[in-house]
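Residues -21 to -1, 1 to 237 in mature numbering (1 follows the signal peptide of the UniProt record, and there is no 0) are what the sequence shown lists, from first letter to last. Here's the structure we're looking at; comments come further down.
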Amino acid sequence: MTFKPAKLLIALLVVAVPAFAQNVAVVNGKAIPTSRVDAVVKQVVAQGQQPDSPQLRELIKKDLISREVLVQEADKQGYAKNADVKAAIENARQAIMVNALLAEYVKKNPVSDADIKAEYDKFVAQAGDKEYHVRHILLGTEAEANDVIAKIKGGAKFEDLAKQSKDTGSAANGGDLDWASPSSFPPVFAQAFVGLQKGQVTEKPVQTPNGFHVIKVDDIRQAKLPTLEEVKPQVAEALVQKKVQAYQEELVKKAKVQ
């Protein structure tokens, strides 16, 4: 069968158009596929920077063309053989591979609502249902701390004695540590004041790695903890990170490292 010129032109156009549509541009013979534009658009939209639009796609197209021109020029000048460039490319390749692996792992091992609820309940239990407004005076020796306690019992003001505290951050404010839950402090420190009533001072010095503390409870109130819904995204993200870390550690243990 033979085609007349007009029919032949139409036939060629029918074959060529789908192939051309797969690319947004061809730079010095190197095609830039439409899929690359789609991928960048998807990323930009997902980050909430801009909505998908013809203007956005045109900007991305121009950027990809410019980048392709620069890459070709860099390749022409031999940068692909540069040791630093090769190392950077390898690092980028590894990062992309690792990110893809971990993303797929998280997808296959999602954090459940039950996991999030359990983690939140654990947080609430550790934080407790009370907050304490405490002050402290940090001394270098137990004898110095006992001397401060004796002076307080003798009528001296806690806030005045706090000026000698080794904790310079709170000394000028009468030893004020503000409102906090017991879980915010080292266990031995927290255990010393949770049994005190409002206005009471520890009977004995409390030793931590920083020195000897004299602690006073200024006030006590019900804790204002965030609700599960308020912190759900943060809790979920923390659990995802735990899963990823455990997965990494498991793979490292299985690996033969010499």
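Don't be surprised by glycine CBs; every beta carbon is placed ideally from N, CA and C.
Since Val19 is in the alpha helix (DSSP H), which residue starts that stretch and which ends it?
Taken as a continuous stretch (DSSP letters only), the alpha helix (DSSP H) holding Val19 covers 13 to 25.
Would you decide whether Lys232 is buried or exposed? Buried here means 16 or more other CB atoms lie within 10 Å of its CB.
Lys232 is exposed by the Cβ-count criterion.
Buried versus exposed, by CB contacts within 10 Å (16 or more), Ile95
Flag for Ile95 reads buried.
Considering only DSSP beta bridges, list what Ile95 is partnered with.
Under DSSP, Ile95 shares a beta bridge with no residue.
May I have the straight-line CA-CA distance separating Ser163 from Ala106, to the nearest angstrom?
Roughly 8 Å separates the two Cα atoms.
Residues of its chain near Asp198, where Cβ-Cβ distance is below 6 Å and the 5 sequence neighbours each way are ignored:
Within the same chain, Asp198 has close Cβ partners His112, Lys177.
Which residues in the same chain as Glu182 place their Cβ atom closer than 8 Å to its Cβ, once the five residues preceding and following it in sequence are excluded?
Setting aside the 5 residues that flank it on each side, Glu182 is surrounded in the same chain by Ile128, each with a C-beta closer than 8 Å to its C-beta; the list follows chain order.
With 16 other Cβ atoms within 10 Å as the buried cut-off, status of Val196
Classification of Val196: buried, given that the 10 Å Cβ count is 16 or more.
Quick one: grab the DSSP three-state call for Lys65.
Helix at Lys65.
Cβ-based neighbour list, Leu43, same chain, cut-off 8 Å, excluding 5 preceding and 5 following:
Val3, Ala4, Ile11, Arg15, Val16, Val19.
Which residues DSSP lists as bridging Leu117, in chain order:
Note: Leu117 sits in a beta bridge opposite His192.
Going by DSSP, what residues sit across from Glu110 in a beta bridge?
Glu110 pairs with Arg200.
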